[in-house]
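J.:
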Amino acid sequence: MKQIGCLVLIFLILLSGLSGYVYQQIKTPLSPKPGKTIELEIIPGSSAISVARELENDGIIRGALFFRIWLKLSGQETKIKSGYYRLSSSASIPEIVKQLVEEGVSYQMVTFPEGFTVKQIGLILEDSGAIKAEAFMKAAKNYTFQLGDKTYKGAEGFLMPETYQINRSITPTRMVEMMVKEFRKQIYPLYLKAKRQNPQIMTLKNIIILASLVEREAAVDSERPIIAEVYYNRLNKSMPLQCDATIQYALGKTKPELSFSDLKINSPYNTYLYPGLPPGAIGNPGKAAILATLYPQKNDYLYYVLNYDKNDGTHIFSENYSQHLNHINNFRR
Numbered sequence: 048m049k050q051i052g053c054l055v056l057i058f059l060i061l062l063s064g065l066s067g068y069v070y071q072q073i074k075t076p077l078s079p080k081p082g083k084t085i086e087l088e089i090i091p092g093s094s095a096i097s098v099a100r101e102l103e104n105d106g107i108i109r110g111a112l113f114f115r116i117w118l119k120l121s122g123q124e125t126k127i128k129s130g131y132y133r134l135s136s137s138a139s140i141p142e143i144v145k146q147l148v149e150e151g152v153s154y155q156m157v158t159f160p161e162g163f164t165v166k167q168i169g170l171i172l173e174d175s176g177a178i179k180a181e182a183f184m185k186a187a188k189n190y191t192f193q194l195g196d197k198t199y200k201g202a203e204g205f206l207m208p209e210t211y212q213i214n215r216s217i218t219p220t221r222m223v224e225m226m227v228k229e230f231r232k233q234i235y236p237l238y239l240k241a242k243r244q245n246p247q248i249m250t251l252k253n254i255i256i257l258a259s260l261v262e263r264e265a266a267v268d269s270e271r272p273i274i275a276e277v278y279y280n281r282l283n284k285s286m287p288l289q290c291d292a293t294i295q296y297a298l299g300k301t302k303p304e305l306s307f308s309d310l311k312i313n314s315p316y317n318t319y320l321y322p323g324l325p326p327g328a329i330g331n332p333g334k335a336a337i338l339a340t341l342y343p344q345k346n347d348y349l350y351y352v353l354n355y356d357k358n359d360g361t362h363i364f365s366e367n368y369s370q371h372l373n374h375i376n377n378f379r380r
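Take a look at the structure:
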């Protein structure tokens, strides 16, 4: 009996020592002085385990196990709120848990339509109360990122039109980063696949520029590959693209009809005056427009005009200017 009593006593001492050690690890910050600070985004549905691992990997806590033990002891395993946080390694685990439980920021869903410009996206964000339009435009203009072995500056054209889950504390740069990341995920593999099939394909930047024109000009899905080929045909013949949407972009506003003075605006985006592609995208094309540009529908068309008889957004296509003029005159009559 004495031996059993001794073993129990030793076990209790060890348990007490272990408990003290664990408690010390929980209560002591990783950095006693002002230390590392990170911005952490916890999306809805994140588990306590995934949060603990991320904090440990980012060097904010001593160990995921101690974090999970404290959550269990304090009964807060299911109380971590989704949101956007700024956390420091100079805070103890209880202090960090308190932040995650009490300071969550609610999310909202924001949708950006295909073809919208950086300015239009910024206005949507401002209306949502998340980011000022001007701040977003500045962040998008100065944003530098890499795709493959190419470095790009300026995000116009590379902001993936999609529905995003954001919160009011998101920064302009973070928003741009999120949209470019989605572009990298959805579009870049499509470009690489097309390039393997056709090594002579245009650069990614030029594909996106051309796709932005197709996005703005085509109102009907089936016409996107046709219009894309019209532009390829014009480029191959060194003809100006004469895309009205590029004039609208140069003007900075959308007009129901362009005037003759509009067509003379001195801008590198004026595809009536300057041959070839404009210097950058005129919006952020969606997946369908990009695919149409990667895989155009072969034809000999050089011109198109809205089909005013149907008034459904479709076009009448022509192989030469004489045909094109006849179609225009017919609609005028």
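Those letters in the sequence shown? Residues 48 to 380, by the working numbering.
Don't be surprised by glycine CBs; every beta carbon is placed ideally from N, CA and C.
Here the structure is a predicted model, which is why all the values come from computation and not from measurement.
Is L346 helix, strand or coil by DSSP?
T.: Here residue 346 refers to the residue found at position 299 of the sequence shown. It is Asn, not Leu, that sits at residue 346 in the sequence shown. Coil at N346, not helix or strand.
J.: Taking only beta-carbon atoms, is M286 less than 8 Å away from chain B?
T.: Absence of chain B from the displayed structure is noted, only one protein chain being present.
J.: Helix, strand or coil: how does DSSP classify G169 here?
T.: The sequence position of residue 169 within the sequence shown is 122, counting from 1. Note: G169 maps to helix in three-state DSSP.
J.: For A292, collect the residues of the same chain with a Cβ closer than 7 Å to its Cβ; drop the 5 residues on either side in sequence, then sort them by chain order.
T.: Counting from 1 along the sequence shown, the entry for residue 292 is found at position 245. Result list for A292: L260, R263, E264 and I329, in chain order.
J.: Any idea if L62 is buried or exposed, counting beta-carbon neighbours within 10 angstroms, 16 or more meaning buried?
T.: Here residue 62 is taken as the residue at index 15 of the sequence shown, counted from 1. Per-residue confidence for L62 stands at a pLDDT of 49, beneath the threshold of 50, marking its modelled position as unreliable; no derived number is given.
J.: Cα-Cα, which of G92, Y211, V98 and E304 is closest to F114?
T.: Here residue 114 refers to the residue found at position 67 of the sequence shown. For the residues G92, Y211, V98 and E304, the minimum Cα distance to F114 belongs to V98.
J.: Less than 8 Å between the C-beta atoms of S365 and Y348, yes or no?
T.: Position 318 of the sequence shown holds residue 365. Position 301 of the sequence shown holds residue 348. Yes, the Cβ-Cβ distance between S365 and Y348 is below 8 Å.
J.: Could you check whether the segment 219-228 touches the segment 134-143, counting it as contact only if at least three pairs of C-beta atoms, one from each stretch, sit closer than 8 Å?
T.: Result no; under three Cβ-Cβ pairs closer than 8 Å.
J.: Between which two residues does the beta strand (DSSP E) carrying K242 extend?
T.: Locating residue 242 in the sequence shown gives position 195, where the first residue counts as 1. That residue, K242, is in no beta strand (DSSP E); its alpha helix (DSSP H) goes Y235 to Q244.
J.: What would DSSP say about M156, mapped onto helix, strand or coil?
T.: To locate residue 156, count along the sequence shown from 1; it is residue 109. In this structure, M156 counts as strand in the three-state DSSP scheme.
J.: Taking buried to mean at least 16 other C-beta atoms within 10 Å of its own C-beta, is K197 buried or exposed?
T.: Reading the sequence shown from its first residue, position 150 is the one you call residue 197. Burial call: exposed.
J.: With distance defined between alpha-carbon atoms, name the residue in R243, M207 and A335 nearest to R231.
T.: Here the question's residue 231 lines up with position 184 in the sequence shown. Among R243, M207 and A335, the Cα nearest to that of R231 belongs to M207.
J.: Less than 8 Å between the beta carbons of Y183 and V227, yes or no?
T.: One-based indexing of the sequence shown puts residue 183 at position 136. One-based indexing of the sequence shown puts residue 227 at position 180. First, the amino acid is wrong: residue 183 is Phe here, not Tyr. Not a contact, by the Cβ cut-off of 8 Å.
J.: Is the separation between the beta-carbon of G204 and that of G327 shorter than 8 Å?
T.: Residue mapping note: residue 204 aligns to position 157 of the sequence shown, counting from 1. Residue mapping note: residue 327 aligns to position 280 of the sequence shown, counting from 1. Yes, these two residues count as a Cβ contact at 8 Å.
J.: In angstroms, rounded to a whole number, what distance separates the CA positions of I255 and A335?
T.: Residue mapping note: residue 255 aligns to position 208 of the sequence shown, counting from 1. Residue mapping note: residue 335 aligns to position 288 of the sequence shown, counting from 1. Rounded to whole angstroms, I255 to A335 spans 12 Å at the Cα level.
J.: Taking 8 Å as the cut-off, decide whether the C-beta atoms of V148 and Q123 are in contact.
T.: As a first step, residue 148 is located in the sequence shown; it is residue number 101 there, counting from the start. As a first step, residue 123 is located in the sequence shown; it is residue number 76 there, counting from the start. Yes. Within cutoff.
J.: L194 lies in the beta strand (DSSP E); which residues open and close that run?
T.: Residue numbering aside, residue 194 sits at position 147 when the sequence shown is read from its first letter. Where L194 is concerned, the enclosing beta strand (DSSP E) stretches over T191 to L194.
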